[in-house]
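Chains as they are written, first to last, in this note's numbering: chain A, 6 to 262; chain B, 9 to 103.
Even glycine gets a Cβ: it sits at the ideal position worked out from N, Cα and C.
Structure representation (structure tokens):
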């Protein structure tokens, strides 16, 4: 919790404080997909770019929305990208998010059905998987299992073969694709099939992404349910295409250190 | 970029929990936010630019360390957002 300084209750004497009155709906801050929606009352609603410059005041501190941008993902609804700054008591501020691989420090609120709302950053697996088109809140017309795809994607990105811990290393390249065509394989030269993925972890593992972090033998021992699905003979894209639990697939560089 | 346009780096979630928001700040999804688009999977072109057109060499602290620990602290904002201060000075109290 070191990132937030103790919050200030108000900005100053000039601030106009809005409270709900009789017959008025209480002010409400909602999350729709990745968008903050502030309902001040029955009539006034601020959302999207209109909230640029606003400060979210929490008991732990203050988060300023420095800017708001939009992005069209490969599938699903528009994604709102917020530049969040944590305001310090001395009038200075610091970035909330670490840089993503593009060097951008962005994030967005996220409401996964059945889970608490949260803020996520674009440099993290959760945020990345949303931007890949796996939007866990989105009801697709085609009935795609997007919540399951999102969780499987997070497992994939973090090389979480058994669903209990990630084994990747920062900066490791991977090629991610799925059985529905939201993401398609790039077939980068030198990359080979690594694993097929479900919301619970891997469905099969041809070889680990970072062998120094976990070996095939360790995978066999730690995850008995993967017995018979470990190794290049047992785990190929062709075989896994017919496996009902295999939602996503990935390729990576063998021997990557 | 060639085929690396589909190459991504592996990072762990950089998330903050906004759990247990007060009733005034309850995160809800409006029905109209769930209206599906007309996009079908086969309408997606293989070369559509997606955020996984990412270079593999950006090092950020919110990645997994080799032993699976989250380097970026997962901040539990289990308490609610109390208010929103708008850029025009208006303070909207949520609870």
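| Asked | Found |
| --- | --- |
| Proximity test, Cβ basis, 8 Å: residue 221/A and chain B | no |
| CB contact below 8 Å: residue 260/A versus chain B | no |
| CA-to-CA distance, residue 30/A to residue 47/A, given in whole angstroms | 6 Å |
| Three or more C-beta pairs below 8 Å linking the region 183-194 of chain A and the region 246-260 of chain A | yes |
| Cross-strand partners of residue 187/A (DSSP beta bridge) | None; residue 187/A has no bridge partner. |
| Limits of the alpha helix (DSSP H) - the one that residue 65/A falls within | Taken as a continuous stretch (DSSP letters only), residue 65/A belongs to no alpha helix (DSSP H), as it is neither H nor E. |
| Cβ neighbours of residue 201/A in the same chain (closer than 6 Å, five flanking residues each side left out) | 208, 209, 245, 251 and 254 |
| Rounded straight-line distance, which links the Cα of residue 164/A to that of residue 177/A | 10 Å |
| Alpha carbon of residue 238/A to alpha carbon of residue 248/A, nearest angstrom | 15 Å |
| Where residue 53/A sits in the DSSP three-state scheme | helix |
| Residue(s) in a DSSP beta bridge with residue 74/A | 86/A |
| Inter-residue Cα distance where the pair is residue 78/B and residue 168/A | Its pLDDT being 35, under 50, residue 78/B is placed unreliably by the model, and nothing is read from it. |
| Continuous alpha helix (DSSP H) stretch holding residue 225/A: start and end | 221-227 |
| Proximity test, Cβ basis, 8 Å: residue 235/A and chain B | no |
| Minimum Cβ-Cβ distance from residue 71/A to chain B less than 8 Å | no |
| Close beta carbons around residue 91/B, own chain, < 7 Å, minus the five adjacent residues each side | 99, 100, 101 and 102 |
| Burial state of residue 95/A (16 or more Cβ within 10 Å) | exposed |
| Sub-8 Å separation of residue 91/A and residue 66/A beta-carbons | yes |
| Chain B contact for residue 204/A (CB, 8 Å cutoff) | no |
| For residue 82/A and residue 140/A, believed in contact at Cβ under 8 Å, the rounded distance | 7 Å |
| Exposure label - residue 110/A; buried when at least 16 CB within 10 Å | buried |
| Beta-carbon proximity list for residue 204/A, same chain, < 6 Å, skipping 5 on both sides | 153, 156 and 157 |
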